[in-house]
Amino acid sequence: MTTYNGELYLDEQIKSILPQLNPDDELVICDDGSTDSTISIIESFKDMRIHLHRNHFRNHILNFEYALHKAKGDIIFLCDQDDVWLPDKVKTMLPYFDIYDLVCSNCIVTDQVLKHDNNTFFHDDPNHKTGIIKNLWHNQYLGCCMAFNRKVLSKALPFPKNLITHDTWIGLVSEIAGKPKFISKPLIYFRRHNANASCTCLKSNLSITKMISYRLTLLRGLFTNFIINR
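Residue numbers for the sequence shown follow the numbering used here, so the first one is 1 and each next one is one higher.
Shown next as structure tokens:
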């Protein structure tokens, strides 16, 4: 998890995660210079499984990349500071790793107070499928719904320069380095509000030129990680 001024929702998110962890699991939290009570909220849990790292990147991509470097587990679950995990998230996703290298679940889209009418992310776009070309053009991978193994992690790091969103990058890496899987069951409440860090689920406001440039950045990164550095 990466955090920045997340005091409004952070307590609820951490409380939804910790009961699903085993004693030898970890919750890696990398904070990027919060000026509110975020750090105090994290420290109030006094749980040895929480590993807090305090940074000042002022860049959510660099902070997220740092968090991935700090993760020691065999399976890495991504999460945002403002969502809520449903109680069966971990136990539902783990069995898929007998076959797959990355798993991306569905989620229930809510407002700021978790009010919803059972609309899900897949319902908004029912054509969620794997495939490099499909996801390079229109990304289906939502970071806060993803988990992956170290095989994918080793190929995803380091991030390419000028990366805009980690979701697309990790998803595309899994298409080449492993075997990804989408599952239709919603396993988190996804808060949609103005301060969301994830841009996957929102309509892009990038110009056509910038959209093309970003896709070229992704392709160059894939070429570097899989051809030059293999």
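The beta carbon of each residue, even a glycine, is placed where N, CA and C say it ideally should be.
Could you work out which residue in the options is closest to residue i when comparing CA atoms only?
{"i": "Glu12", "options": "Gln112, Ile76, Ile208, Met48", "result": "Gln112"}
{"i": "Ser40", "options": "Leu157, Leu27, Gly6, Val28", "result": "Gly6"}
{"i": "Pro23", "options": "Ile50, Cys30, Phe77", "result": "Ile50"}
{"i": "Gly171", "options": "Val109, Leu218, Lys70", "result": "Leu218"}
{"i": "Asp31", "options": "Arg215, Gly131, Glu43, Phe223", "result": "Glu43"}
{"i": "Leu68", "options": "Ser34, Ala147, Ile14, Arg192", "result": "Ala147"}
{"i": "Phe57", "options": "Ser34, Leu153, Met211", "result": "Ser34"}
{"i": "Phe122", "options": "Ile14, Asp47, Phe190, Asp83", "result": "Phe190"}
{"i": "Val152", "options": "Trp137, Asn118, Gly178", "result": "Gly178"}
{"i": "Ile212", "options": "Phe226, Trp137, Thr130", "result": "Trp137"}
{"i": "Asn225", "options": "Ser154, Ile208, Cys79, Lys210", "result": "Ser154"}
Tell me whether residue i sits in a helix, a strand or coil according to DSSP, three-state version.
{"i": "Tyr58", "result": "The question names Tyr, but residue 58 is Arg in the sequence shown. Reduced to three states, the DSSP call for Arg58 is coil."}
{"i": "Leu222", "result": "helix"}
{"i": "Phe45", "result": "coil"}
{"i": "Arg192", "result": "coil"}
{"i": "Val113", "result": "coil"}
{"i": "Cys201", "result": "Note that Cys201 scores a pLDDT of 47, beneath 50, so its modelled location is shaky; the value from the coordinates is reported in the next line. Three-state result, Cys201: coil."}
{"i": "Lys72", "result": "coil"}
{"i": "Ser184", "result": "strand"}
{"i": "Ile212", "result": "helix"}
{"i": "Leu163", "result": "coil"}
{"i": "Leu142", "result": "coil"}
{"i": "Ile99", "result": "coil"}
{"i": "Leu153", "result": "helix"}
{"i": "Thr120", "result": "strand"}
Would you mind reading off the limits of the beta strand (DSSP E) that contains residue i?
{"i": "Val109", "result": "102-110"}
{"i": "Met1", "result": "First-last for Met1: undefined, no H or E at that position."}
{"i": "Asn149", "result": "146-149"}
{"i": "Leu10", "result": "No beta strand (DSSP E) contains Leu10, which is instead part of the alpha helix (DSSP H) from 10-17."}
{"i": "Cys30", "result": "27-32"}
Excluding the 5 residues preceding and the 5 following residue i in the sequence, name in chain order all residues of the same chain whose CB lies nearer than 6 angstroms to its CB.
{"i": "Ile183", "result": "Ser105"}
{"i": "Val103", "result": "Met93, Tyr96, Ala147, Lys181"}
{"i": "Phe64", "result": "Thr2, His166"}
{"i": "Cys199", "result": "Confidence in Cys199 is poor, its pLDDT being 48 and thus under 50, which makes the residue's placement unreliable; the coordinate value appears in the next sentence. Counting only Cβ-Cβ distances below 6 angstroms, and skipping sequence neighbours, we find Thr165."}
Got a sec? Which residues, its chain only, sit under 8 angstroms from residue i by beta carbon, not counting five neighbours each side?
{"i": "Gly187", "result": "For the sequence presented, residue 187 should be read as Leu rather than Gly. Excluding positions up to five away in sequence, the list reads Trp85, Leu86, Asp88, Lys89, Thr92, Met93, Ser105, Asn106, Cys107, Cys145."}
{"i": "Trp169", "result": "Ala156, Phe159, Pro160, Leu163, Leu218, Gly221"}
{"i": "Asn135", "result": "Tyr141, Thr168, Gly171, Leu172, Glu175"}
{"i": "Asp74", "result": "Asn149, Arg150"}
{"i": "Lys70", "result": "Val28, Cys30, His51, His53"}
{"i": "Ile132", "result": "Leu172, Glu175, Ile176"}
{"i": "Phe45", "result": "Ile14, Leu18"}
{"i": "Ile61", "result": "Phe159, Leu163, Ile164, Thr165, His166"}
Can you list, in chain order, the residues of its chain with a C-beta nearer than 7 angstroms to that of residue i? Leave out the 5 residues immediately preceding and following it.
{"i": "Thr38", "result": "Thr3, Asn5, Gly6, Glu7, Leu10, Asp31"}
{"i": "Asp83", "result": "Gln13, Cys144, Ile188, Tyr189, Phe190, Arg191"}
{"i": "Lys185", "result": "Thr92, Ser105, Asn106"}
Over the uninterrupted alpha helix (DSSP H) stretch that includes residue i, give me the two end residues.
{"i": "Leu172", "result": "166-177"}
{"i": "Leu136", "result": "132-137"}
{"i": "Lys91", "result": "89-93"}
Within 7 angstroms of any Cβ in chain C, is that where the Cβ of residue i sits?
{"i": "Asp167", "result": "Protein chains in the displayed structure number just one, and chain C is not present."}
When you measure from the CB of residue i to every non-hydrogen atom of the ligand NAD, does any distance come out below 6 angstroms?
{"i": "Leu21", "result": "As presented, the structure is devoid of all ligands, the ligand NAD included, so that no description of it is given."}
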